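>
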Amino acid sequence: MKELEYLLVDEEATVEIGHKLAKVLQIMVDENGPKGLVVYLNGDLGAGKTTLTRGFVRAMGHKGNVKSPTYTLVEPYELPPWRVFHFDLYRLSEPEELEYMGIRDYFNQDCCCFIEWPEKGAGLLAKQDLTINMAYQGEQRVITFIAESAFAEQLLLSLHAQVEQ
10 MKELEYLLVD EEATVEIGHK LAKVLQIMVD ENGPKGLVVY LNGDLGAGKT TLTRGFVRAM
70 GHKGNVKSPT YTLVEPYELP PWRVFHFDLY RLSEPEELEY MGIRDYFNQD CCCFIEWPEK
130 GAGLLAKQDL TINMAYQGEQ RVITFIAESA FAEQLLLSLH AQVEQ
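The opening position of the sequence shown corresponds to residue 10 in the working numbering, with each subsequent residue numbered one higher.
(1) Hey, E160 and F65: beta-carbon distance below 8 Å or not?
(2) If I follow the unbroken alpha helix (DSSP H) through V66, where does it start and stop?
(3) Bridge partners of N51, per DSSP?
(4) Taking its Cβ as the centre, do 16 or more other Cβ atoms sit within 10 Å of D53, making it buried, or is it exposed?
(5) For the beta strand (DSSP E) containing A156, name the first residue and the last one.
(6) My output table needs one value for D39: the three-state DSSP class, helix, strand or coil.
(7) Going along the chain, which residues of its own chain have a beta-carbon closer than 6 Å to the beta-carbon of T23, five neighbours each way excluded?
(8) What is the DSSP secondary structure of V18, counted as helix, strand or coil?
(9) Closest to D114 by CA distance: which of V47, D39, P89 and E14 is it?
(10) By the DSSP assignment, the alpha helix (DSSP H) with E162 in it spans what residues?
(11) Return the first residue and the last residue of the alpha helix (DSSP H) that E106 is part of.
(12) Of the residues L133, L101, E106 and V83, which one's Cα is nearest the Cα of F94?
(13) For F154 and L165, which I take to be in contact (beta-carbon distance under 8 Å), what is that distance rounded to the nearest angstrom?
(14) For W91 and D119, I'd like the C-alpha separation in whole angstroms.
(15) What does F123 pair with, by DSSP beta-bridge criteria?
(16) Can you check DSSP and say which residues form a bridge with E87?
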């Protein structure tokens with residue numbers, strides 16, 4: 010499956026789809042061994058990118074606050090055996106700034122990287138497994154998942170099965 014699209018009626022639905030994505034990833038990795046995940050998040054300000062990531066991070070076991078890394082560029086979450094990194098590159102002046110923070114060190118087998126505004130890091134980011142586009146539709150949101158790797162295609166198949174239950 011290359012693409013999935015859902016209507017998210019409210020913030021709770023956005024958190025829930027992030028939660029389901031995390032659970033599907035955990036099941037797949039338990040069956041097949043460790044596999045990192047790189048997700049590019051696209052959408053206007055307020056479209057739900059951080060809300061989706063919050064659902065994912067909490068489902069991976071984080072108990073505290075999940076905030077937008079708008080001013081810090083990255084928020085790390087150590088959730089053994091995983092490391093989850095939430096990037097917000099909105100305020101990045103130029104992609105080379107990522108070199109100073111050791112960007113390549115974030116893309117490992119035990120890492121899940123969610124990257125908002127990935128176009129600002131063009132040329133320095135790892136290739137995405139999954140692209141997630143979020144758009145306003147009135148008071149609701151439309152979320153589109155696009156698989157960019159064979160691993161992400163399997164992930165979307167499993168996510169579709171989870172959502173349809």
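Virtual Cβ for every residue (Gly too), placed ideally from N, Cα, C.
Treat the numbers as computed from the prediction; the structure is a model and nothing was measured.
So, from the data block:
(1) It should be noted that the sequence gives Phe, not Glu, for residue 160. Going by C-beta atoms, F160 is not nearer than 8 Å to F65.
(2) K58 to A68
(3) N142
(4) exposed
(5) Q149 to A156
(6) helix
(7) L17, G57, T60 and L61
(8) coil
(9) V47
(10) A159 to E173
(11) E106 to Y109
(12) V83
(13) 6 Å
(14) 5 Å
(15) V48 and H95
(16) R92
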